[in-house]
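K.L.:
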Amino acid sequence: MPTIWLEHNKTQLFLNVAILSSADLDALEKGVFKGPPQMFRALVDTGATVTCLTASTAAKVGLLPGGKLRMSAANGAAYRNYYLFHVGFLLKVDLPQQDGANSISHQWHIHAVPALIQGAEFNAGPGFDVLLGMDMISIGNLIVGSNGQYSWSW
Amino acid sequence: MVERVEVQKEIDDNLEFFKTKLSDLMKTDRDRYALLHRQKIGGIFDTIRDAQTAGNALYGEGKFSIQKITDQAADLGFFSHAHHLA
């Protein structure tokens with residue numbers, strides 16, 4: 007099961023993610039993706055029902071809006087553009103050494119979650135461009151440890 | 395290549411049309427997805443992926459929009475209460 011292990015600061019969960027179009031996902035699966043993909047800072051937020059991203063993030067990866075989502079806000083509900091995409095995570099894979107040595111080398115690759123995410127446009131807070139909401143969190147197993155680490159597997 | 399401004403106009407126009415139909419659609423197709431093109435309904439689908447596939451095949455990328463048939467607003471938790479969206 008693909009799993010990422012990261013550290014948290016006991017108040018919030020941040021990580022870097024790739025935002026991928028359906029064409030990007032297809033290219034990744036076929037091994038013809040022209041990478042590396044751009045990575046964006048994301049906040050994991052169990053209080054959010056949907057995933058969000060900034061308009062500039064969507065533009066950087068070439069996404070076009072697909073419609074609008076009605077969003078709650080301090081000033082009432084408002085319709086915002088949404089985008090359809092997949093979220094990719096940077097995964098460290100252990101590779102046994104070819105020469106039989108005991109040491110292990112690592113390779114990084116993007117694990118793209120196949121679920122199609124309908125992510126709304128939002129004005130991000132400081133230091134992040136993507137908000138991963140419960141639509142994304144509930145797909146995998148997110149475990150937050152008391153030792154300052156958390157894991158996410160799919 | 396479709397221009398971003400054209401995509402936005404299609405989405406905005408379709409949304410205004412969709413709002414006028416929403417109460418009727420809620421009676422028959424709650425939580426399904428409406429495929430919209432030039433302020434007309436092109437189909438109703440169970441999943442957004444199915445609606446997207448049909449939209450690309452029927453109209454081409456960026457020439458349609460998809461709206462979920464719901465009266466619920468998405469909640470962003472902290473952001474819903476601390477930030478103004480627009």
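First to last, the protein sequences are chains F and H. Residue numbers for the first sequence follow this note's numbering, beginning at 7 and rising by one. Residue numbers for the second sequence follow this note's numbering, beginning at 395 and rising by one. We treat Cβ as the ideally placed atom computed from N, Cα and C, and that holds for glycine. The structure presented is a predicted model; accordingly, all values stated were derived computationally and were not measured.
1) Counting only the same chain and skipping the five closest in sequence on each side, list residues whose C-beta sits under 6 Å from that of residue 480 of chain H.
2) The alpha helix (DSSP H) spanning residue 401 of chain H covers which residue range?
3) Can you tell me where the alpha helix (DSSP H) holding residue 140 of chain F begins and where it ends?
4) Rounded C-beta distance between residue 24 of chain F and residue 7 of chain F? I'm assuming under 8 Å.
5) Just checking my contact of residue 43 of chain F with residue 26 of chain F at CB under 8 Å: how many whole Å lie between their CB atoms?
6) What are the start and end residues of the beta strand (DSSP E) that includes residue 123 of chain F?
7) Distance check for residue 157 of chain F and residue 417 of chain H, CA to CA, integer angstroms please.
8) Could you check whether the Cβ of residue 459 of chain H sits closer than 8 Å to any Cβ belonging to chain F?
9) Which chain H residues sit within Cβ distance under 7 Å of residue 124 of chain F?
10) With respect to the beta strand (DSSP E) encompassing residue 74 of chain F, which residues constitute its N-terminal and C-terminal limits?
11) Which runs of the beta strand (DSSP E), 3 residues or longer, sit entirely within the stretch 28 to 91 of chain F?
12) Does the beta carbon of residue 144 of chain F come closer than 8 Å to any beta carbon on chain H?
13) Leaving out five residues before and five after residue 77 of chain F in sequence, what residues of the same chain have Cβ atoms less than 7 Å from its Cβ?
14) According to DSSP, is residue 24 of chain F part of a helix, a strand, or is it coil?
15) How about residue 68 of chain F: is its C-beta nearer than 8 Å to some C-beta of chain H?
16) Would you report the Cα separation of residue 28 of chain F and residue 91 of chain F, rounded to the nearest angstrom?
P.N.:
Looking at the atomic coordinates:
1) Reliability fails at residue 480 of chain H, whose pLDDT of 49 lies under 50, so the model's placement of it is uncertain and the value that follows must be treated cautiously. Shown here for residue 480 of chain H: not one same chain residue has a beta carbon closer than 6 Å to its own, the five before and five after excluded.
2) 398 to 423
3) 140 to 143
4) With a Cβ gap of about 19 Å, residue 24 of chain F and residue 7 of chain F do not count as contacting.
5) Residue 43 of chain F to residue 26 of chain F, Cβ: 7 Å. Contact.
6) 123 to 127
7) 43 Å
8) yes
9) 442
10) 73 to 77
11) 45 to 50, 73 to 77
12) no
13) 83, 84, 86, 126
14) Residue 24 of chain F: strand per DSSP, three-state reduction.
15) no
16) 6 Å
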